[in-house]
Amino acid sequence: MLIQIAPNPTNALRESRSRKFRVSFHTLGCRLNHSESVSIGGTFHHAGFQIVSEDRPADLSIINSCSVTEQAESKCRGLVRRILKKNPDTFIAVTGCYAQTDLDSLKQIKGIDLIAGTDQKMEILSLVQSVFQERRDSGGAGMGWGGEASLKRSTPLVFHTQKIQRGDFTVETERFAVFDHVTRPNIKIQDGCDFFCTFCIIPYSRGRSRSRRMDDILLEVSAWVAQGHREIVLTGVNLGEYTTEEGELSDLIESLEKIDGLRRIRISSIEPTTISSRLLEQFSTSKKLCAYLHLPLQSGSDRILSLMGRRYTQKEYMDFVKNISAVVPGLCLGADVMVGFPGEGEDEFQETVSLIKALPFSYLHVFPFSKRKGTRLNKMALTPVSPSVVKERSRVLCDYSRKIRMDYYHAFIGQTVEVLFEARNKDDLFCGLTGNYIRVGVSSDQDLSGRLILVRIQRVENGLAIGEILG
Ligand code: SF4
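Counting in the numbering used here, the sequence shown runs from -10 upward without gaps.
Take a look at the structure:
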């Protein structure tokens, strides 16, 4: 597939400069944000901009923000300060969930030049181009880079709509990110969520559930595979809600399986109640679907699950995990667990611990509750959990997660696994992942990146399964 460069005023401006306009991307938060930053980067790349890494000076810095916790928002504010300290003339554009949910706060931060809400996120290139155009129209065509006057503004330009569109979407071919060097590209297939769990800001920051057209996804995946990529990671907010006129998630997986050269399809995270019986069957029959499931749990207490507005009971969750573990050999099973949800007493926490210990998890993603403005929880009168208790509960679960991950790795000693290699680590071991998410390191003089190689696992050391290459 060829990617076309659409003519635009920026190209003309760029050609009159001695060097390309440099753009850096700073992405906070989830895998979906990362995938979107890569797509937005694709538009800049194809329009002739130079994409530079986060630590390099840039003429334009784009922050793709997150609002899932207070900490994520504070990171965004800190990032603005750090960028400006290094390079006061950098034009700063902020988009993402924080830009959608707390526009007023962002407008108060000195140094931000452009704010784009969720619906405008994928249009950042044309928004920036409109700034250039404005400068040209006002007689300042020579400004903005190459050591000339800054494009910076005293007040930010704001592109934001309160109501986020609901229709299905495409990611248009020109956005495919040929410049990105990841081994396992994230493919955005879905956005938004209709579940409205009481604690969650996402339905407000990303809007209602909507899906990407299947033909558009297949085109993008084929493009990545043609460049030599062997694994893709299907990414969205609530993947199991994927549905278009062309079919549901199982249909998409069936179509992806037919792409020659694609060896692994990984589902990033999926709500347990959205896994259909057909998808469950695909986990046991597919040769490409990775034996990997990340199932948000949040709590093991029925009382807390109900207060959270989750759609399952502890028994339903346990039954589901037992079913799938029985049919998928070697399954890597991970879960999100929230600690310190208001009203979570010691008894409820112990119920969570017991449930976790009763199931064959391979790791946990533990995160403390963070109160979000505008969520349903704000209207509920619940007792907050003290920060020291939250800290201690997090520690207990994080320690357990480290232990079960290593136990899981140990169970594969002596076995032969297929590793998709990514990069060298600081100890000079070449590292990569198996389909069931074991991080493996080997000694090798060669550049193994992007290669799928059979490895026998010999031991577990420093959080890594160490192996030898076969053949
Ligand atoms: S399922 Fe619940 S926690 Fe997950 S994105 Fe939707 S509302 Fe948020």
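In this text, a Cβ means the ideal position worked out from N, Cα and C, and glycines have one as well. Keep in mind the model is a prediction, meaning the values are calculated, not measured.
- The region 79 to 89 and the region 107 to 117 touch, with no fewer than 3 CB-CB distances between them shorter than 8 angstroms.
- The nearest non-hydrogen atom of the ligand SF4 is 7 angstroms or more from the C-beta of cysteine 86.
- Our two residues, aspartate 416 and isoleucine 455, have alpha carbons roughly 12 angstroms apart in a direct line.
- Shortest Cα-Cα distance from methionine 307 to any of Gly329, Pro261, Ala280 and Ser295 involves Pro261.
- Here glutamate 450 is exposed: its Cβ has fewer than 16 other Cβ atoms, across all protein chains shown, within 10 Å.
- Boundaries of the alpha helix (DSSP H) around tyrosine 398: 376 to 399.
- Taking C-alpha positions only, glycine 236 is separated from lysine 99 by approximately 46 angstroms.
- If you check the C-beta of proline 192 against the ligand SF4, you find a heavy atom less than 7 angstroms away.
- Assigned with DSSP and collapsed to three states, threonine 107 falls in helix.
- Taking 7 angstroms as the cut-off, one finds at least one heavy atom of the ligand SF4 near enough to the beta carbon of asparagine 227.
- Burial of histidine 23 is indicated by the presence of at least 16 other C-beta atoms within 10 angstroms of its C-beta.
- For cysteine 55, the three-state secondary structure derived from DSSP is coil.
- The alpha-carbon of aspartate 48 is positioned some 28 angstroms away from that of arginine 195.
- DSSP links aspartate 91 through a beta bridge to no other residue.
- Taking 8 angstroms as the cut-off, the beta carbon of cysteine 321 is found closer than this to the beta carbon of tyrosine 397.
- A straight-line Cα-Cα distance of about 15 angstroms links aspartate 434 and isoleucine 442.
- In this structure, cysteine 279 has its beta carbon at no less than 7 angstroms from each heavy atom of the ligand SF4.
- With at least 16 other beta carbons inside 10 angstroms of its own, leucine 453 counts as buried.
- Using a cutoff of 7 angstroms, the CB of glutamate 260 counts as near the ligand SF4, since one of the ligand's heavy atoms is closer than that.
- In the structure shown, isoleucine 98 adopts coil according to DSSP, grouped into three states.
- In the same chain as leucine 116, and ignoring 5 residues on each side of it, the C-beta atoms closer than 8 angstroms to its own belong to Ala82, Leu103, Ala105, Gln109, Leu146 and Phe148, in chain order.
- Within its own chain, the residues whose Cβ lies closer than 8 angstroms to the Cβ of aspartate 240, once the five positions on either side in sequence are excluded, are Met203, listed in chain order.
- Per DSSP, glutamine 447 lies in no alpha helix (DSSP H) segment; the continuous beta strand (DSSP E) that holds it begins and ends at 441 to 450.
- For aspartate 336, the closest C-alpha among the options Ser290, Lys362, Met327 and Val379 is that of Ser290.
- Taking 8 angstroms as the cut-off, the beta carbon of glycine 217 is found no closer than this to the beta carbon of arginine 197.
- Contact annotation: leucine 409 and threonine 172 have beta-carbon atoms nearer than 8 angstroms.
- Straight through space, the alpha carbons of arginine 252 and serine 375 are spaced by roughly 47 angstroms.
- The beta carbon of phenylalanine 33 is closer than 7 angstroms to those of Val12, Ile40 and Leu114 in its chain, skipping five residues each way along the sequence.
- The three-state reading of DSSP puts asparagine 175 in strand, counting E and B together.
- Runs of the alpha helix (DSSP H) spanning 4 or more residues and lying entirely within the region 326 to 381 occur at 335 to 347, in chain order.
- In this structure, the ligand SF4 has a non-hydrogen atom nearer than 7 angstroms to the beta-carbon of phenylalanine 185.
- Proximity of the region 154 to 161 to the region 323 to 332 falls short of the contact definition, fewer than three beta-carbon pairs being nearer than 8 angstroms.
- A direct Cα-Cα distance of roughly 9 angstroms separates glycine 319 from alanine 400.
- Not one heavy atom of the ligand SF4 sits closer than 7 angstroms to the Cβ of cysteine 55.
- By the CB criterion at 8 angstroms, aspartate 325 and leucine 366 fall outside the cutoff.
- Set against 7 angstroms, the gap from the CB of cysteine 387 to the closest heavy atom of the ligand SF4 is not smaller.
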